[in-house]
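Okay, so the sequence shown: first residue is 1 according to UniProt numbering, each after it adds one. Quick reminder that beta carbons are idealized off the backbone N, C-alpha and C, glycines included. All figures in this text were calculated on a predicted structure; none of them were measured in a lab.
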Amino acid sequence: MITASKATIGVILSGVVGLCFLSYFIFFERRSDPVIKSNRLKKRLATNDGETGKLLTLELKLPVSIKHLADQEILVNELNMGEYYLSRGDSALGVRHLANAMVSCRNPDVLYGVLRNKLPKHVFEMLTEKLLPEQIELWSSSNILQDLAYDIE
């Protein structure tokens, strides 16, 4: 039989515990590596085409809807600021905000038609001077504007 002292057993046990401790950190450091995460995701998608694929498409659609909401918020904010400054009598600053709203709008031809019918003539002329002539020509030649003008009259 091999005899070992308490000190020898303590050294061996502390070595085993230290080795386990180091391997634990190496394992988790490897798991947090972005390359390994992407490889794991590719393997998971290749083997499980069901729910993981659905979750991935939901995550990809989320930033688009957030961007759309941010664009809408900018548009509403610019329209409100333009309306505020026009009501206070500051036409130049109001037109500036309305022009920013026209640029940030997803359907500027519809907004152009609404502003053309709702704004006073001198303010609308200031707005058309602020915008690029190519944009105005495109928006004013749209069929949507003609339909909108027909509905209002």
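Asked, Found
"Go through the stretch 88–133 residue by residue and report every complete run of the alpha helix (DSSP H) that reaches 4 residues or more, in order.", "91–104, 108–118 and 121–130"
"Please work out which residues of its chain come closer than 6 Å, Cβ to Cβ, to residue 14, disregarding the five sequence neighbours upstream and downstream, and give them in chain order.", "none"
"How many angstroms separate the CA atom of residue 123 from the CA atom of residue 67?", "31 Å"
"Measuring alpha carbon to alpha carbon, tell me which of 99, 22 and 104 ends up nearest residue 71.", "104"
"Near residue 9, what residues of its chain come up, given a Cβ to Cβ distance below 6 Å and the 5 sequence neighbours on each side ignored?", "none"
"Does DSSP classify residue 83 as helix, strand or coil?", "helix"
"Do you know how far the Cα of residue 128 is from the Cα of residue 108?", "13 Å"
"Is residue 85 closer than 8 Å to residue 97 when the C-beta atoms are compared?", "yes"
"Are there 16 or more other CB atoms within 10 angstroms of the CB of residue 82, so buried, or fewer, so exposed?", "buried"
"State the DSSP-derived secondary structure class of residue 5, mapped to helix, strand or coil.", "coil"
"Judging by CA-CA distance, which residue of 99, 121 and 90 is the nearest neighbour of residue 74?", "99"
"Is the distance from the Cβ of residue 130 to the Cβ of residue 95 below 8 Å?", "yes"
"Whole angstroms is fine: what's the gap from residue 45's alpha carbon to residue 21's?", "32 Å"
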